[in-house]
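Asks:
Numbering (the working numbering), first residue to last: 253 to 629.
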């Protein structure tokens, strides 16, 4: 199927994918007088006396802001806020369809970290949560850190933690299929941006003891100079064998490859140099680091990608609807590492009998959304 052509036709026909609808009838003057003036004045004063009532008397609790500056959109990169809007509308549609969360895409025309932080602060009264989306690293780390400390509503960065959760869930089930033990794995993560660092942190929390992380310059190690503070913060916990070099050197003897980087970086020789029955998560979009058929021919036992047209789609769309449904329902203000672990386990065990072609549920599986939502407490 030509999804590119189909997508353009769909968006042109519908003028996008989302709209606002009213919950209440507005057929009579009484309807208007109750929903709007004069009746609405009494509702305003109730909230004025107790601002917490904004969660009960308006749709605030169930409304999430998707804040994006368009600097790191999908596999497209820095395409700007206007071009990022179709993706954010897609996120909004998924939020509503799978978790009944009302999400508003807000693509903003600034790259300044302080301005983005301030924007999120000043819109806080209108929302029950904020989903940061497609903001480039390392700015996204600082933005999340500050907002988690200074806002009274939950903030979640999907590119970091949504990706980390879905990767961990996929790895849990890949271990169930392969018989490999999590604490015996040697894992190579290619890509040390938002997703790569967050994934490394969560895998360490789960008990993975041997992780090699690479950025565009190669294997990250303690001898490197000019690491940003986020890479410097994790370098002491990774690369226990003090490896150096590039991806080819990192892959030798590895059990798992997690690609959060660029297309077609992994070749047959690299996979053949890995441990027996390696696990390959090639998640670059739209073209993965290695195509599944090539990886399997080279000896991979399990291959996952970010795409829906191959088995084992590893996509954070499996995660963010359930996370926010859980945050809204529980009233939790911040997503902790323990919650992320519980969410990953909940997602993994929605697949009762995983196999090499099914380590995760389909993206439209509402049972997965409910399982993740229940884990947030």
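From the three backbone atoms N, C-alpha and C, an ideal C-beta is built for every residue, glycine too. Owing to the predicted nature of the structure, the values given are computational and were not obtained by experimental measurement.
1. Quick test of your reading: residue 509 and residue 533, contact by CB under 8 Å. State the CB separation rounded to the nearest angstrom.
2. Going by DSSP in three states, residue 610 sits in which element: helix, strand or coil?
3. What does a CB cutoff of less than 8 Å around residue 313 pick up in its chain, not counting 5 residues either side in sequence?
4. Can you find at least 3 beta carbon pairs, one from the stretch 555–566 and one from the stretch 603–616, that sit closer than 8 Å?
5. Pick helix, strand or coil for residue 462, following the three-state DSSP scheme.
6. Consult DSSP for residue 509 and reduce its assignment to one of helix, strand or coil.
7. Go through its chain and collect everything with a Cβ distance to residue 269's Cβ below 6 Å, but skip five positions before and after it.
8. Express the C-alpha separation of residue 445 and residue 546 in angstroms, rounding to a whole number.
9. Given a threshold of 16 other Cβ atoms within 10 Å of its Cβ, counted over all protein chains shown, does residue 627 qualify as buried or as exposed?
10. Buried or exposed: where does residue 586 fall if 16 or more other Cβ atoms within 10 Å of its Cβ makes it buried?
11. Whose CA, out of 405, 393, 264, 347, lies closest to the CA of residue 584?
12. Within 10 angstroms of its Cβ, does residue 482 collect 16 or more other Cβ (buried), or is it exposed?
13. Of the residues 582, 291, 460, 261, which one's Cα is nearest the Cα of residue 433?
14. Rounded to a whole number of angstroms, what is the C-alpha to C-alpha distance between residue 465 and residue 425?
15. For residue 577, count neighbouring Cβ atoms within 10 angstroms of its own Cβ and tell me buried if that reaches 16, exposed if not.
16. Under a CB-based cut-off of 8 Å, is residue 297 close to chain E?
17. Touch check for the stretch 254–264 and the stretch 276–294: three-plus C-beta pairs under 8 Å?
18. Report the rounded CA-to-CA distance for residue 356 versus residue 316, giving the unit in angstroms.
19. If you follow the beta strand (DSSP E) that residue 628 is in, where does it begin and where does it stop?
20. Could you check where the beta strand (DSSP E) with residue 317 kicks off and where it finishes?
21. Any idea if residue 455 is buried or exposed, counting beta-carbon neighbours within 10 angstroms, 16 or more meaning buried?
22. May I ask which residues mark the beginning and end of the beta strand (DSSP E) holding residue 630?
23. Between the beta-carbon of residue 386 and the beta-carbon of residue 451, is there less than 8 Å?
24. Going by other Cβ atoms of all chains shown within 10 Å of its Cβ, with 16 needed for buried, is residue 370 buried or exposed?
25. Which residue wins for smallest C-alpha separation from residue 330, given the options 438, 489, 388?
26. Could you check whether the stretch 483–495 touches the stretch 513–530, counting it as contact only if at least three pairs of C-beta atoms, one from each stretch, sit closer than 8 Å?
27. For residue 409, list the residues DSSP reports as bridge partners.
28. Looking at the strands, I want to know which residues DSSP matches up with residue 357.
29. For residue 499, which of 278, 493, 442, 367 has the nearest alpha-carbon?
30. Between the C-alpha atoms of residue 468 and residue 327, what's the straight-line distance to the nearest angstrom?
31. Between 551, 517, 594, 549, which lies nearest to residue 535 when the distance is taken from Cα to Cα?
32. Find the nearest neighbour of residue 575 within the set 435, 337, 302, 350, judged by alpha-carbon distance.
33. Sort 629, 605, 621 by Cα distance to residue 428 and report the nearest one.
34. When you compare only the Cα positions, how much space is there between residue 377 and residue 347?
35. Just list the alpha helix (DSSP H) runs in the stretch 469–512, keeping only unbroken ones of 4 residues or longer that don't cross its boundaries, in chain order.
36. Alpha carbon to alpha carbon, how far is residue 289 from residue 277? Give it in angstroms, no decimals.
Replies: Checking against the coordinates, here is how it stands:
1. 7 Å
2. strand
3. 307, 380, 580
4. yes
5. strand
6. strand
7. 341, 345
8. 26 Å
9. buried
10. exposed
11. 405
12. buried
13. 460
14. 22 Å
15. buried
16. Of the protein chains in the structure, only one exists, and it is not chain E.
17. no
18. 6 Å
19. Here residue 628 belongs to no beta strand (DSSP E), and DSSP marks it neither H nor E.
20. 315–320
21. buried
22. The structure shown does not extend to residue 630, since the chain spans only 253 to 629, so no value can be given for it.
23. no
24. exposed
25. 388
26. no
27. 384
28. 318
29. 442
30. 16 Å
31. 517
32. 350
33. 605
34. 20 Å
35. 481–487, 499–503
36. 15 Å
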